[in-house]
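Read the structure below first, then the notes.
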Amino acid sequence: MAIQRNQTRPVAIGDIIVGDGNPIAVQSMTATKTQNIDATVAQAEAYRQAGAGVVRIAVDSDKDAEALAEIRKQTTANLAVDLQENFRLAEKVAPYVDKIRYNPGHLYHHQRDKPWQDKVRFIIDQAVQHDCAIRIGVNCGSVDPDKKAKFDPSDSITPMLESALEHCDFVDSLGFHRYVVSLKDSDPQKVVQSNRRFAEIRSDIPLHLGVTEAGMPPDGIIKTRIAFEQLIGRGIGDTVRVSLTLPNDRKPEEIAAGRDIVDDIYSGRVRSVVKFNEHSLNIISCPSC
């Protein structure tokens, strides 16, 4: 199947490059306690061996950051860190990772009197100093409260979109362009709509695709496939994650599922011929982090 990819700019993440027509990278996130170094290293290596281009690890405390330093020594996986709610941890994790993900909606949890622009500037400074890429990760469950207040509660997409675009403009103004964006929801159709709208405005920025908290297989894979087929088939998407609720020893199945979906799309094996039924029960299940 011939797919005309959006001409996004290249972004280096460790030893891979996403965007600019490069192969779509499949990634996942460790579901272990970060301070359990042996378990986290084992899972990161399992992901890498399964074909993960990037492995993300959650860091929410100084002790997590200390553990990350040791984890870095024991795995060759390209590591990304999820800052969770503490932007100040960027300083402690940046030396050990290839990418930093921050959530615009979480910047309000610490130092509430400090402008969000100053917090982002701090994160970007650390990324520049330590040669890291950035992901601006907007999530339906934690949208910037100022953006949510501007729109009707029934419109969950526009606040996400405005938040992402605002942060892109600000990061661009800092002269930093080594970043990707994600707009995630547990509803695959909202994932499609938000990413299509973003790509129409900023087709230059690589997009990381995912249906958050998709649930257990096979339903979680089906929901993700619905979104990916409608986006990747239109040339939208440079990295992907399939978020599944699975036991730790089965988590690499996320990588296999992601690779299968991408391969199927490029081979013309499109399976989700019907829209996701928004009137049916949508099971939301955290993949753990």
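Quick note: the sequence shown uses this note's numbering, first residue 31, plus one each step. Backbone N, C-alpha and C define an ideal beta-carbon position, used for all residues, glycine too.
{"query": "Less than 9 Å between the C-beta atoms of residue 111 and residue 88, yes or no?", "result": "yes"}
{"query": "Give the range of the beta strand (DSSP E) segment to which residue 165 is assigned.", "result": "163-169"}
{"query": "How far does the beta strand (DSSP E) with residue 112 in it reach, from first residue to last?", "result": "109-112"}
{"query": "When DSSP labels each residue in this structure, what does residue 227 get in the three-state scheme?", "result": "helix"}
{"query": "Assuming residue 122 contacts residue 95 under a Cβ cut-off of 8 Å, what Cβ separation, rounded to an integer in Å, is found between them?", "result": "4 Å"}
{"query": "With C-beta atoms as the reference, is residue 80 less than 9 Å away from residue 277?", "result": "no"}
{"query": "Looking only at its chain, what residues have a beta carbon closer than 7 Å to the beta carbon of residue 178, apart from the 5 residues adjacent to it on each side?", "result": "189"}
{"query": "From residue 117 to residue 135, what does the alpha carbon distance come to, in whole angstroms?", "result": "11 Å"}
{"query": "Looking only at its chain, what residues have a beta carbon closer than 6 Å to the beta carbon of residue 208, apart from the 5 residues adjacent to it on each side?", "result": "41, 163"}
{"query": "Would you kindly work out how many angstroms separate the C-alpha atoms of residue 182 and residue 69, rounded to a whole number?", "result": "44 Å"}
{"query": "What's the gap between the Cα of residue 327 and the Cα of residue 91?", "result": "Here the chain has residues from 31 to 319 only, and residue 327 is not among them."}
{"query": "Would you decide whether residue 301 is buried or exposed? Buried here means 16 or more other CB atoms lie within 10 Å of its CB.", "result": "exposed"}
{"query": "Buried or exposed for residue 259, please, with buried defined as at least 16 other CB atoms from any protein chain shown within 10 angstroms of its CB.", "result": "buried"}
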